[in-house]
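Report on one structure; see the data block that follows.
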Amino acid sequence: MPETPVLTLRGISKRFGAVQALSGFDLEVHSGEVVALVGDNGAGKSTAVKAIAGVNPPDEGVIEWEGRPVSINRPHDAQNLGIATVYQDLALCDNLDVVANLFLGRELRRFGVLDEVRMDKRSRQLLDTLSIRIPSVRIPVASLSGGQRQTVAIARSLIGEPKVVILDEPTAALGVEQTAEVLDLVERLRDRGLGTILISHNMVDVMAVADRIAVMRLGRNNGFFDKRATTTEEIISAITGATESAVTRRQARKREEER
Amino acid sequence: MPETPVLTLRGISKRFGAVQALSGFDLEVHSGEVVALVGDNGAGKSTAVKAIAGVNPPDEGVIEWEGRPVSINRPHDAQNLGIATVYQDLALCDNLDVVANLFLGRELRRFGVLDEVRMDKRSRQLLDTLSIRIPSVRIPVASLSGGQRQTVAIARSLIGEPKVVILDEPTAALGVEQTAEVLDLVERLRDRGLGTILISHNMVDVMAVADRIAVMRLGRNNGFFDKRATTTEEIISAITGATESAVTRRQARKREEER
Amino acid sequence: TSGAAPGSTAQAAQNEIRIGLLLPESKTTRYEKFDRPYIEQKIKELAPEAQIDYYNAAESPTTQQQQVNTALAKGDKVLILDAVDAKSIQSSVQKAHDAGVKVVAYDRLAQGPVDAYVSYDNRKVGELQGQALLDALGDRAESGQIVMHNGSPTDPNAAEFKAGAHSVLDGKVKIGKEYDTPNWDPNNANQQMSGAISSLGKDNIVGVYSANDGLAAGIATALKAAGMNVPLTGQDAQLDAIQRILLGTQTITVEKPYKPEADIAAEMAVNLAEGKELPDSLTPTTVTSGSGQKVPATLLTPVVVNKDNIKDTVVKDGLYTVEEICTPTYASACKEAGLQ
Amino acid sequence: MSRDRGPDASAQEPAPDAVPAVDTRLLVREEGLKGYLTEFRRKMRSGELGSLPVVIAVIIIWTVFGSLDSTFLSAQNLSDLSQQIVGTGMIAVGIVFVLLLGEIDLSVGSVSGLCAALFAVLNVLNGMNEWLALLVALAGGAAVGLIHGFFFAKVGVPAFVVTLAGNLAWNGLMLQVLGTSGTVNIPGESIVSKLYSTIFHSPAAAYVTAAVGVGLFLAASLLDARRRRAARVPFRPVAEIVLRTVVIAAIAFAAAYILNQYRGLPLALLIFLILLVVLDFVLRRTTYGRQIFAVGGNIEGARRAGISVPFIRMTVFMVAGTMAAAGGIFLAGQIQSASQTSGGGNLLMNVIAAAVIGGTSLFGGRGSVWSALLGALVIGSIQSGMNIMGVSNAVQFMITGSVLLAAVVVDSLSRRTQKAAGRA
Amino acid sequence: MSRDRGPDASAQEPAPDAVPAVDTRLLVREEGLKGYLTEFRRKMRSGELGSLPVVIAVIIIWTVFGSLDSTFLSAQNLSDLSQQIVGTGMIAVGIVFVLLLGEIDLSVGSVSGLCAALFAVLNVLNGMNEWLALLVALAGGAAVGLIHGFFFAKVGVPAFVVTLAGNLAWNGLMLQVLGTSGTVNIPGESIVSKLYSTIFHSPAAAYVTAAVGVGLFLAASLLDARRRRAARVPFRPVAEIVLRTVVIAAIAFAAAYILNQYRGLPLALLIFLILLVVLDFVLRRTTYGRQIFAVGGNIEGARRAGISVPFIRMTVFMVAGTMAAAGGIFLAGQIQSASQTSGGGNLLMNVIAAAVIGGTSLFGGRGSVWSALLGALVIGSIQSGMNIMGVSNAVQFMITGSVLLAAVVVDSLSRRTQKAAGRA
Ligand SMILES: Nc1ncnc2c1ncn2[C@@H]1O[C@H](COP(=O)(O)OP(=O)(O)OP(=O)(O)O)[C@@H](O)[C@H]1O
Ligand SMILES: Nc1ncnc2c1ncn2[C@@H]1O[C@H](COP(=O)(O)OP(=O)(O)OP(=O)(O)O)[C@@H](O)[C@H]1O
Ligand SMILES: [Mg+2]
Ligand SMILES: [Mg+2]
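Protein chains in written order, with our numbering: chain A, 7 to 265; chain B, 7 to 265; chain C, 265 to 604; chain D, 11 to 434; chain E, 11 to 434.
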């Protein structure tokens, strides 16, 4: 790929006490590309995301934004660059209403005062577009269901003008329909030229929307795959680090049983 | 099915303030059977589970255990009957070590005093059997990864002698390998004659292990399906309540693109 | 204050005079500003080589008990003891006595085998306050009512002031409202006074009894806010009270001159430390303590301070200088009162 | 900033003409004036009681004490009350801010005493210019708050322990500041005394104040409704706005009338009311206020939204410190002196009780500065009533403790109902 | 119950001979005596400081005060100290229990005063049998704790507010109980006085106590190791057990020696030590203790594991109330009287400081009753030292405040390190 990636990670390391969560992790994201980040539990995916988003800055390594090295030490830095993140744990404020949550950290103002009217209007438009079912934009998030909260969290990342959107297991808690809608959404992001990092354990979803797949294992890179030139089996063996694993055993058994 | 179901729910209703989360919900679970409970976000699956487990007793309806009506008002009641539950949110005590968490609420005792030695031994055996990777059974759960915590939570439900195991989205947060292991485990439970209720949004997993599939929609039953006599599409349309939904639209689009 | 030789301090202290001074608290100005320096000064004067160990119990009887232990561990031979709680200290006094240490009860008569006692008479304070109020009222005493503000119900001394005042006032004047004020809190007194004014009506109140100057501060502003100027008592001769007396918003306060009390305590202590009997001049009377002991004692008489005798009381006793009292705000009032 | 570039409505599926999806199980939706009543009933049921319990409490208290002793409801007593609540109320405002974060400040009593002592010693004893001394005292309160905030926000010590330790330490410092001088008189002409005791005798003052307040409220409501209507988002119907305005006007003019019956509008009350309006605006209509609520609701969420949680925490504790200083100054003005007992006694209990009674939740993220006014009114009324009745101390202690307990029980029960109604 | 029927090892895959899986990134594992040192270093780094800071604190404090005034380290002073810490320590034990739940009890001061007053009034004034009166006082403490626990566990009011309200209300009740009599003297022959002041003069008493304690520890350790070895689970090597026993023996006999230098072993200290051993056992080796830790770690988790959270909470507050009563009785025995100031002053600060200084976390789920002993020793030493030096009150207030702050700062920082090392 000739053009500069919008976001590049090089040699990112992060250690938590006795655990080396990331060591020398690399990643590139181009505009208009969906990169799936997959890996076993504890592989370090969320840690990588938090490093990009400024929640837990890395110990070592370089983050480049549109070719320039940048330092991202606070969530605000990432936001200002144009990185929007939807976290695995939703991080909504239960006591605030949907509008307030959508605009949290980037409220619209008029004469220095919150412009509720514009925020209200904008929220309705946004939620309508995503066909999100919410009884009122003025009810506290506390009264929404898990799926509704997840869609609010995703919608929130699209307020502002992100160039890169990071989704950490956005569909883990979602029903089939909502999952389909989120996948639609991811494709729409790509169509609009955004770079997207999608973390998921669901190979079906990954194969459905990703352009490239980055596999992590024990805090390191374990291969990059082009969606069109790979198979689910290949990725799974990169994830588990073996051709022989519980997954393959299951599959073999099933095949046997079917026979 | 002629023999009495081990667990029967009849006309269960539960209301939270303004939301009627369950209305007239029915369910039967037989020994040696895996029942998948599926439904959209907010359909009321977790609410149903909590009703069975005594966490949030239902407002109306009858719960029968081996044919006898029982009342389950506290988690202890459910445990005593032989119902073990793994919750969507893990509910482990971070400050306690793995052994203490495994035996929490049903500690082994010797002369009225905690029998650490036996609990220690038993834990090692159990974790070995499930081939769960944990550095030591004596480290606090706080230092385990999400996947490790999930496996501990599942292992915990097997201490005691449950006749029915309820798993609320046990694989949502799991990697492919751990997912395969959990599915193995579910099948082993069935082989040993336990009744299992499995909640999942992942149709692949559901179709892989379930014998029967109960679909919920807006707090009500929306059909029971026999695994061998149904298709994923049929179940999805029962979940979404329509033949035309985001899921089918996606599939149609994909097929078109591929052509 | 330390400097004892290493090893067993009890032995090292064999020949020197070593006196422990135990005061009850430091929230009230008097202890740190007057009692302690006066006593230390007088002891040094009488016995220049004397060692003085100072302890302040911060209003806690338990702390004071521990401080007595500490004093005994350090080898003090005489304790000048102003008890936080005259009853609670009994076991400590007994312990000191058993260890051969003499105890001079200061200001409050500790129970137990005390060797000497010097104080002002608290009941007398209440009587003086009551009498001063009656004097100021004159014949209005018959027509109107007064409001009484007693001290904190947790302070045993407050009960004595109260009893003394009642013994004079009862039957001479109608008491319209009476309050105990927790923690001697002036804001509380202020609100109580406002309530009393609303309740009784400002024209029916002819005078106010306040157990101390702190309460009087709150009461005076409530009276002022209601546009009233009636006789108001106090106690302790605080600087702010003297200034109020100059302005006429308070009528009297009761001074208990610290110097004589401190001097006598010091003399008693030094005498006892040197193993002498106490001369009659130091113990003109005998009092009976709560635990039944007869204690040789000096009881001093408190003084009523009013606008006319400020110079002869607080200024003469060295409590305050004229400059301290007569800040610019009070300059004209001072002139009027002949202070400047 | 923030031109919304979210997925544009012109994107392919889902069809833009899809009926707005409504979950049939959601029993209540917005629907004009009638919906307002339904909404009100829903709120009651789901435990969002707001200031209703406290209004009822005030009515009960006034009725009881008024029937026991008629002086309680006299213009004079109510007028005194309106002055007396200002000191407590000011400190309670700071507590409201801290409670919105879900934290507590146990040091405000000591801090108020310390700052009053600071003013008195600087101005009266050391002859510093009184405005400057006032500023120093307020700044001192802010600095103390900053210290608490630092240990809480940066070091991670729970706020209630920091401030518990502070409660003792600042009391020690106050004793040190007052030193051997003890009580210091603040002259009647001093700014501090005047702040408390000035009263606008002209009846016009009270009425004009009431009129201005009501007018502002009406204008703001109408303007907002117009903008909302223009933007096609739900708005309050004019009928509802008029109704609200009428209720507020009734209360405002009644209060003005009572005050004028005795001596007129106290400056202290006016300052307090203006402060409340300003701070209420800050909390509800500015980014800073929104961020306070966000931190009170979900700390991690707020942090990830790019809000500097330590900044919010430290500034909120500075607000609490400053308000404690301001309250301390008014309390000193009340007795025209600063003494060693300043800020002690039941003050801490009273201000916490005031904030909670007023309807601000202990659990964070829910409340309003008006709680401080309402709560201080309840506490002040009880005290005034007990003073008039001449109730003994032991009983007063028990009553104050019980009132605080009752307030938090209501808060806790309402939160529990809310939890059951919303999602836990 | 509980014969483990978990999936049997004979099930198909995974192969039973699979190598025990070890995550290569987990840098530390168990490995005998050497691993013990590594483990120690890891604990230090990850913030699990346990009682190390407090031991260092005691050493520093003793060195400093000892060098300033030799009286401090005299057998007489240390012996007095060993008695004086008992009252504070007892109350601190209750606080430790409450802290293990992650809660706080701000009423223990008042409760201790109330119960002491109860005893004094019943026994001394009303002539009730002294054992019965003692029982009533302790039961009173438990009842008060039950009330707090009820409002906390059943109604859902935050514990710190319930107990803050209680602090005032119980103080009021104490004043009521003491009534007009004010301070009540407790005769020297009374059981309460004797509990505090009895001293076993025979040197044998102290040495035998030390020997019994050390022996029990050794026996228990060896037995446990044998059972573990038999069950093929990791066990402590004998070398390590011996080392630990030697350290404990050194401390125990040194303490006995010092006590015998002055007057012997105080009964109060003996009672306190026995109580600590018993409660430590309850916390670490019984289901009840395990449940307390579980509730302190994750309330919802504990609830779902079938633990009755309200029961645990209520009983823990009852323990706190009872221990407050016991402490109050010892404090009354110390001054042989119950007065209106009992339980007031800095007592609350001191006991909270003692519990936290001793290493029990404010954040719940982490700590030990031995904290109460160690913390009370630190607080007691500082006070005794300041008494000997004659430090002024304003300074004492500030120092006590700072010590509490320092203790919680250490706790908070260690928790933060732990969070970074464990999973947040
Ligand atoms: N704050 C933290 N403190 C200590 N260790 C941590 C922390 N966060 C993550 N870890 C550790 O770092 C490793 C990587 O964790 P991470 O959450 O990034 O995994 P993941 O790939 O997101 O896993 P999952 O699929 O379960 O979400 C794990 O071993 C985890 O225990
Ligand atoms: N404690 C609660 N209080 C109020 N409402 C609740 C509560 N728990 C659940 N609900 C509501 O009940 C409905 C069903 O929720 P439930 O959690 O059972 O759904 P679910 O089927 O488990 O969904 P998901 O797939 O998202 O986990 C939702 O509308 C939810 O908002
Ligand atoms: Mg993750
Ligand atoms: Mg669910």
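Glycine is no exception: its CB is placed at the ideal position from the N, C-alpha and C atoms.
As the structure is a computational prediction, the values presented were derived from the model and not from experiment.
(request) Could you tell me which chain B residues have their CB closer than 7 Å to the CB of Asn-308/E, listed as they occur along the chain? (result) Per Cβ cutoff of 7 Å: Ala-97, Leu-98, Cys-99, Asp-100.
(request) State the CB to CB distance for the pair Leu-542/C and Pro-560/C, rounded to an integer number of angstroms; the pair is presumed to be in contact (CB under 8 Å). (result) 6 Å between Cβ atoms; contact.
(request) For Ser-352/D, collect the residues of the same chain with a Cβ closer than 6 Å to its Cβ; drop the 5 residues on either side in sequence, then sort them by chain order. (result) Hits under 6 Å: Gly-123, Ala-126.
(request) Report all residues from its chain with a CB closer than 6 Å to the CB of Gly-320/C; omit the five preceding and five following residues, and keep chain order. (result) For the sequence presented, residue 320/C should be read as Asn rather than Gly. Hits under 6 Å: Leu-287, Ser-290.
(request) Determine the contact status of Gly-99/D and Leu-383/D, defining contact as a CB-CB distance below 8 Å. (result) Going by C-beta atoms, Gly-99/D is nearer than 8 Å to Leu-383/D.
(message) Taking a contact to mean a Cβ-Cβ separation below 8 Å, would you say Gly-311/E touches Leu-98/B in this structure?
(response) Going by C-beta atoms, Gly-311/E is nearer than 8 Å to Leu-98/B.
(message) To test your reading of the DSSP string, which unbroken beta strand (DSSP E) runs of 3 or more residues are found completely within the stretch 155-194 of chain B?
(response) As for any beta strand (DSSP E) of minimum length 3 sitting wholly inside the stretch 155-194 of chain B, the runs are 170-174, ordered along the chain.
(message) When you compare the CB positions of Gln-156/B and Leu-180/B, do they come within less than 8 Å of one another, or not?
(response) Yes.
(request) Just the chain D side, please: which residues come within less than 9 Å of Phe-161/E by C-beta, in chain order? (result) Here the neighbours are Leu-415, Val-418, Val-419, Ser-422.
(request) Determine the closest residue to Val-103/E out of Val-379/E, Phe-291/E, Pro-244/E, with distance taken between C-alpha atoms. (result) For the residues Val-379/E, Phe-291/E, Pro-244/E, the minimum Cα distance to Val-103/E belongs to Val-379/E.
(request) Give the interface partners of Ser-412/E over in chain H, defined as CB-CB distance under 8 Å, in chain order. (result) This model lacks chain H altogether; the protein chains it does include are A, B, C, D and E.
(message) Between the alpha carbons of Ala-27/A and Ala-59/A, how many angstroms are there, rounded?
(response) Rounded to the nearest angstrom, the two C-alpha atoms are 16 Å apart.
(message) Contact criterion: CB-CB distance below 8 Å. Does Gly-408/C meet it with respect to chain D?
(response) No, Gly-408/C does not count as interfacial toward chain D.
(message) Using a Cβ-Cβ distance cut-off of 8 Å, determine whether Thr-296/D contacts chain A.
(response) Chain A, which has a Cβ nearer than 8 Å to the Cβ of Thr-296/D, makes this yes.
(message) Beta carbons nearer than 9 Å to chain A: which residues of the stretch 39-68 of chain B have them?
(response) The residues in question are Val-44, Gly-45, Asp-46, Asn-47, Gly-48, Ala-49, Ser-52.
(message) Considering Cα atoms alone, identify which of His-430/C, Ser-416/C, Ile-439/C is closest to Leu-450/E.
(response) Here chain E has residues from 11 to 434 only, and residue 450/E is not among them.
(message) For chain A, check one thing: does any of its Cβ atoms lie closer than 8 Å to the Cβ of Val-210/B?
(response) Chain A, which has a Cβ nearer than 8 Å to the Cβ of Val-210/B, makes this yes.
(request) Scan the stretch 171-197 of chain A for residues whose Cβ lies nearer than 9 Å to a Cβ of chain D and list them as they occur along the chain. (result) Listed by position, the residues of the stretch 171-197 of chain A near chain D (Cβ gap below 9 Å) are Glu-187, Asp-190, Leu-191, Arg-194, Leu-195, Asp-197.
(request) Determine the chain D residues that contact Leu-120/A at a beta-carbon separation under 7 Å, and present them in chain order. (result) Taking the beta carbon of Leu-120/A as reference, the chain D residues within 7 Å of it are Arg-295, Thr-296, Thr-297, Arg-300, listed in sequence order.
(request) Run the CB neighbour count on Val-188/B, radius 10 Å, all protein chains shown included, and call it buried at 16 or more, exposed below. (result) Of the other Cβ atoms in all chains shown, 16 or more fall within 10 Å of the Cβ of Val-188/B; this residue is therefore buried.
(message) Taking only three categories from DSSP, how would you classify Lys-127/B?
(response) The answer is helix: DSSP assigns Lys-127/B an H, G or I state.
(request) Indicate, with yes or no, if ligand 4 has a heavy atom lying under 7 Å from the CB of Ser-269/B. (result) Outside the displayed span of chain B (7 to 265) sits residue 269/B, for which this structure offers no information.
(request) May I have a chain-ordered list of the alpha helix (DSSP H) segments no shorter than 4 residues that lie completely inside the stretch 93-120 of chain B? (result) The alpha helix (DSSP H) runs lying completely inside the stretch 93-120 of chain B and spanning 4 residues or more are 104-108, given in chain order.
(request) Could you tell me the distance, in whole angstroms, from the CA atom of Ser-463/C to the CA atom of Ala-264/D? (result) Whole-angstrom Cα-Cα distance: 22 Å.
(request) Name, please, each residue of chain D whose Cβ falls closer than 9 Å to the Cβ of Gly-377/E. (result) Residues of chain D passing the Cβ test: none, with the nearest at roughly 15 Å.
(message) Taking the alpha-carbon of Val-567/C as reference, which of Lys-575/C, Thr-515/C, Val-389/C has the nearest alpha-carbon?
(response) In this structure, Val-389/C is the residue among Lys-575/C, Thr-515/C, Val-389/C with its C-alpha nearest to the C-alpha of Val-567/C.
(request) Identify each residue in the stretch 324-348 of chain C for which the Cβ-Cβ distance to at least one residue of chain E is less than 9 Å, and report them in chain order. (result) Only Ser-324, Pro-325, Thr-326, Thr-327, Gln-328, Gln-329, Gln-330, Gln-331, Asn-333, Thr-334, Ala-335, Leu-336, Ala-337, Lys-338, Gly-339, Val-348 from the stretch 324-348 of chain C bring a Cβ to less than 9 Å from some Cβ of chain E.
(request) Measuring alpha carbon to alpha carbon, tell me which of Thr-591/C, Ser-596/C, Ala-405/C, Leu-479/C ends up nearest Gly-137/D. (result) Considering only alpha carbons, the answer is Thr-591/C.
(message) Is any non-hydrogen atom of ligand 3 found closer than 7 Å to the C-beta of Asp-211/A, if you look at the structure I gave you?
(response) Checking every heavy atom of ligand 3 against the Cβ of Asp-211/A, none is found closer than 7 Å.
(message) What does DSSP give as the partner residue(s) for Asn-227/B in the beta ladder?
(response) Residue pairing by DSSP puts Asn-227/B in a beta bridge opposite Met-222/B.
(message) What residue range does the alpha helix (DSSP H) around Gly-338/E cover?
(response) Counting along the chain, the alpha helix (DSSP H) containing Gly-338/E begins and ends at 319-345.
(message) If you measure between the beta carbons of Met-222/A and Ala-49/A, is that distance less than 8 Å?
(response) Yes, the pair counts as a contact, with Cβ atoms nearer than the cut-off.
(request) Check each residue of the stretch 380-406 of chain D: if its Cβ is closer than 8 Å to any Cβ of chain E, include it; give the result in chain order. (result) Near chain E, meaning a CB-to-CB distance below 8 Å, the residues of the stretch 380-406 of chain D are Asn-403, Ala-404, Val-405, Gln-406.
(request) Starting from the N-terminal side, write out each stretch of the alpha helix (DSSP H) that is 4 residues or longer and does not extend beyond the stretch 154-197 of chain E. (result) Here the runs fully enclosed are 169-188.
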